[in-house]
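Okay, so here's the structure we're looking at.
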Amino acid sequence: MAFVRPFRRVVSGTLLLLGLLGQDMGCFGQAAAPATTEKPADASPPGQEQAAPPSRRPGRIPDMLKAKRAARKAAAPAAVPSGTAGAAGASGATATPGSNTAASPGQIPLMEEPPIIKPTPPYLGTAPLLMQPPPPPPPPVHGIQTASEAIKAILGLVAIFALAYLAGNARIQALEQKLQIAQVMTAGLPFVLLGALAHMQQIGILSANVLWEIRPLLALGLGWIGFSIGFRFNARMVDSLTPDATRMSLHTTAFPFCSILAACALLLVWVEHWPANAEFVRDAMILATAGAMTAYSAPRLLEARGASGSTVDRIAAIVELEQLAGVFGLMLVAAYFRPQASMVSWQLPGTAWLFMTLGMGATVGGVIYGALGRIESEAEFSLMVLGSVCFASGMASYLRLSPLVVSFIVGIILVNLPGGPKDQIREALARMERPIYLLFLLVAGSLWDPIQWQGWVLMLLFVATRLFGKWLGVVVAEKRTAMNLTQEERRSLIFSPIGALSIAIVVNAQDLYPDATVSWMVTAVIGGAILTEIIVQVASRSGAITEPEPWGVS
Amino acid sequence: MRIVIILVLAGLMQAAKSFGPLPSVGSTPAGTALACGYLLLTAFFAGSVFKSLGLPRLTGYLFTGIIVGPKVLELVSDPMVANLRIFNGIATALIALTAGVELDLRSMKPLLKTIGWLSVIAVLGTICLLTGAVFLSRSWLPFFANLTLVQTVAISVVLGVTMVAQSPAVVVALHSEMQSDGPLTRTILGIVVMSDLVVIILFAIVSSVAKSMFGSGTDAVQAAGSLAWEVLGSLIIGILVGMVLAVYLRYVKSGSVLFVTAAAFLVAEVGQRVDLDPLLIALAAGVLIRNLTRHGERLHRDIEISSLPVYVVFFAVTGATVHIGELMIVGIPAVILVLTRATGFYTLGWLAATLAKAPDVVRKYAGFGLMPQAGLALALALLFVKTFPHFGAEGSALVLGVVAMNEMVAPVLYRLALVKAGEVGQSKRAPIAAAAH
């Protein structure tokens, strides 16, 4: 039996460490939730129940919980006014540091329980200093109510669909090239504007009720973008990256990320609560992630200007890595800044959600990989790709994770596992990419609330700090790497357009965190994309030869 | 391997449900997307498993819906199923468009006599048999307890008409899956389309008459107006839709798959909201394109390319709405009615085909083609509830029980009939989605 004692010690030590780690991660994971320490039980008015804590808490050791419950039971009758004791005791919500001290030494647990998180309405604390507080989120909507509303929406959608179709028509594209607006059209920004117009009350095609009905398209669109990007990251592409390109992309991503993070966090801290919650950190991180990336159209733009193949490849590699960083950033935000606790039944620490994201993507990717070997016809491939993206993005969205990230992982898994019908998947993706992408932008546009001026202020800061960060990143990278950029490359990296992934990131954030402040960020990024597009166009006109060919996710 | 994939998908779905939104949160758009993806993948693989067992893929889709639906495993919940019903309209429109495109009136001319006899004798005769069976089974059906004899007969007739409804959707999907062509295939297609019209009109008439038996007299002019709007209005709108499609197919060379899908969506969603029948609209459009233009084949190919995901979800959702609970409650009368319906179609179908001097395969197997049942009967069951609110729900449960049994068995029987008739694989069309359906 001599070996049992050290073994026990090791086990209990490990459990303690796990408990501490879990507690630490749990706090981090819930940092986004507006939270206050619950008042002591005796402070609650008679007859009013305390809010029940989450059913499961991370990082608890069962023995500690038992001891805690025992302590709670012992303390509850004395602490809670009559009439509430039973309910409060049953819900376990009355535990406070004070009540711990009332327990006998034998009942005191190894660890202090953290304060119970209780959601409170945001913006009730300190008054904002710079901007007005955002309006409360709109009331929930539940489907189309009247036949006329439905018919109007259907006809409107069909009209928009026809426009989407026209946008893909070869003759229209030729006209766009002639008018030198192909890049703007390719980025799909007119569809964002169209969505915003359709959402206007006077037009009312995409009303709140209609949006509720077609909202699954949003998850599908996000998933589709993630899957398309993930499917480009094959091992061959990664192998072809030079260390200099990697370092360059690190700089061109990190500098704008940091500059946007710092500037926007400073701005947001004025409007959000400090230090009661960490929403401003989350929001600034989302903005920084969205701003750090360059659109895929940047290398195409270079190509169209007559740049050499190697130049285009170098910029394309940098852009690919930036996109990877963007997806990674979104994954971290979605995992560590969870939406309000009531949205999912399991309360896990942020790191667990991170692993959940990775595991979900890998599992779904593995299953789809196994399934694709059984497919014979073109129609079946389309079905499988559609079903896979829908399933992966739906599952992620259902668990309040990012559909974009999970589908991205699925794409990476599929493209990097040996064998498999990659060409057919590519064809199926290409076949359905454009309509789904444009529909996504349409829905994204309809979710955009450009009325609030705060978003436009944020946009100016966003664009300015992004340009500054890109410039600084290029300058520092040139000094620290052996890469000698041409004037064209430098300009391409600094005046880089904002692509669909950036818009997708903020739209994804809006889906995850339906706070009013997130709609400001949507304005910042969509408005920023339009403004940047204009800047890029102006910058490119000087040496432009031809416009780039349209392609899917730009 | 396919079974393993199905099991893993079920495990993932269960995991998602256990981690996901609290029950009180209800269905979310994300839940709809999740259910759609899950049903697409699972039903597709179940369909291929069923195919390898010699059963129709369609039965696999239906079976998947039943098993994973709210009544059995609850992997797909009721709100999710409700949100996915948007596929029903599009699928119905696409199926009717396919049926219309298949109806080449010139090649069907020799079969018109058989179709006419079968429609009159088999369909109307089976209505009589079903009416009698309902009347005789009334002791098992408590909602008949408080009705007078006349009322009982009237309700029996309404239920008889409701339960005779066939399923063009299942028939067309099976034809597409089996790539079948020949006298049996064409005759059955003609009858199910024709009897769809007959049943809609008959239901409107008999339900109005029956309602008047309960003292709530109906305005005959208003009822006739509604019926005329539904039938004639649908046909006229269908002709207009057909003309638009024809113009598109004539002048635009690309993107017709998307255009056809969008048109189906429009027909389904707008049609049902203005009390038109999407099935009739799409059918008329298809018939027009097949018989008055040269674009029938192209339209058929476009529909086949776009329809697979829609069909898979549609049939899986149909399976998920099968009322297993009702089947248990109304078990005995439902079994009697299913047997009566099958016997009626088989024997009267044989009699009608013999009178019409139809080919042997039609005489032997026509009855099996009339047995599949799905959407129309369900829609009529809902109308029955609306028309007779006091006991409609109980009567509807009986219809749902019959439909549930027919959904599970009839496609298998009709597939066997097509195989025996030697018409499988006889279609000259390129098998674009042959393996898919």
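Chains as they are written, first to last, in the numbering used here: chain W, 1 to 554; chain X, 555 to 991. Note that CB positions come from ideal geometry on N, CA and C, so glycine has one too.
So what does DSSP say about residue i, is it helix, strand or coil?
{"i": "M882/X", "result": "helix"}
{"i": "Q720/X", "result": "coil"}
{"i": "T246/W", "result": "helix"}
{"i": "W346/W", "result": "coil"}
{"i": "Q980/X", "result": "coil"}
{"i": "Q424/W", "result": "helix"}
{"i": "W448/W", "result": "coil"}
{"i": "R490/W", "result": "helix"}
{"i": "V801/X", "result": "helix"}
{"i": "S691/X", "result": "helix"}
{"i": "F337/W", "result": "coil"}
{"i": "M331/W", "result": "helix"}
{"i": "L206/W", "result": "coil"}
{"i": "Q705/X", "result": "helix"}
Which residues in the same chain as residue i place their Cβ atom closer than 8 Å to its Cβ, once the five residues preceding and following it in sequence are excluded?
{"i": "A43/W", "result": "For A43/W, the pLDDT reaches just 36, beneath the cut-off of 50, and the residue's location in the model is therefore unreliable, although a value from the coordinates is still provided. Closer than 8 Å at Cβ, skipping near neighbours: no residue."}
{"i": "I375/W", "result": "F381, M384, P421 and Q424"}
{"i": "R480/W", "result": "R247 and H251"}
{"i": "F689/X", "result": "T706, V707 and S710"}
Shortest alpha-carbon distance to residue i belongs to which of the options?
{"i": "G744/X", "options": "S780/X, S693/X and S721/X", "result": "S721/X"}
{"i": "G779/X", "options": "A764/X, I759/X, L794/X and L812/X", "result": "I759/X"}
{"i": "G840/X", "options": "E948/X, T652/X, M555/X and V753/X", "result": "T652/X"}
{"i": "D313/W", "options": "M356/W, Y369/W and S240/W", "result": "S240/W"}
{"i": "L751/X", "options": "I557/X, L786/X and Y865/X", "result": "L786/X"}
{"i": "I878/X", "options": "G619/X, I709/X, A600/X and R844/X", "result": "G619/X"}
{"i": "R236/W", "options": "I412/W, V192/W and E322/W", "result": "I412/W"}
{"i": "V518/W", "options": "F280/W, D244/W and C258/W", "result": "F280/W"}
{"i": "F391/W", "options": "P216/W, A198/W, E433/W and V238/W", "result": "P216/W"}
{"i": "P827/X", "options": "L683/X, I640/X, A650/X and L657/X", "result": "The sequence as given places Arg at residue 827/X; Pro does not occur at that position. Ranking the options by Cα distance to R827/X, first place goes to I640/X."}
{"i": "D244/W", "options": "A500/W, G499/W, L485/W and A516/W", "result": "L485/W"}
{"i": "T908/X", "options": "L638/X, A645/X, Q568/X and I669/X", "result": "I669/X"}
{"i": "G306/W", "options": "E489/W, N508/W and A263/W", "result": "E489/W"}
{"i": "Q733/X", "options": "S631/X, A719/X, H854/X and I793/X", "result": "H854/X"}
{"i": "L905/X", "options": "S673/X, A933/X and T847/X", "result": "S673/X"}
{"i": "D283/W", "options": "T294/W, L324/W, R338/W and I318/W", "result": "R338/W"}
Among residues of its own chain, excluding the 5 on either side of residue i, which ones have a beta-carbon nearer than 7 Å to its beta-carbon?
{"i": "L563/X", "result": "Y592, L595 and T596"}
{"i": "A539/W", "result": "R491 and F495"}
{"i": "A817/X", "result": "V795 and L799"}
Taking the continuous alpha helix (DSSP H) assigned at residue i, which residues delimit it?
{"i": "H944/X", "result": "Per DSSP, H944/X belongs to no alpha helix (DSSP H) and is neither H nor E."}
{"i": "P583/X", "result": "P583 to S606"}
{"i": "E376/W", "result": "Looking at the DSSP string, E376/W is not in any alpha helix (DSSP H), and its letter there is neither H nor E."}
{"i": "L485/W", "result": "No alpha helix (DSSP H) holds L485/W; DSSP gives it neither H nor E."}
{"i": "F280/W", "result": "E279 to A292"}
{"i": "F819/X", "result": "S810 to R827"}
{"i": "F617/X", "result": "R611 to V622"}
{"i": "Y919/X", "result": "D914 to L924"}
Leaving aside the five residues before and after residue i along the sequence, list all residues of the same chain whose C-beta is less than 6 Å from its C-beta, in chain order.
{"i": "G361/W", "result": "V406, I409 and V410"}
{"i": "A290/W", "result": "S502, I505, V506 and V525"}
{"i": "K605/X", "result": "R611"}
{"i": "S572/X", "result": "none"}
{"i": "L321/W", "result": "S249"}
{"i": "G195/W", "result": "L442, G445 and S446"}
{"i": "Y738/X", "result": "According to the sequence displayed, residue 738/X carries Leu and not Tyr. Around L738/X: V915, V916, Y919, A975 and E977."}
{"i": "E303/W", "result": "V312"}
Just to confirm, is the Cβ distance from residue i to residue j under 9 Å?
{"i": "I315/W", "j": "A288/W", "result": "no"}
{"i": "A975/X", "j": "V953/X", "result": "no"}
{"i": "V939/X", "j": "G946/X", "result": "yes"}
{"i": "V978/X", "j": "T613/X", "result": "no"}
{"i": "S402/W", "j": "G226/W", "result": "yes"}
{"i": "P863/X", "j": "L386/W", "result": "yes"}
{"i": "T941/X", "j": "K667/X", "result": "no"}
{"i": "L354/W", "j": "L332/W", "result": "yes"}
{"i": "L616/X", "j": "F869/X", "result": "yes"}
{"i": "L648/X", "j": "A836/X", "result": "yes"}
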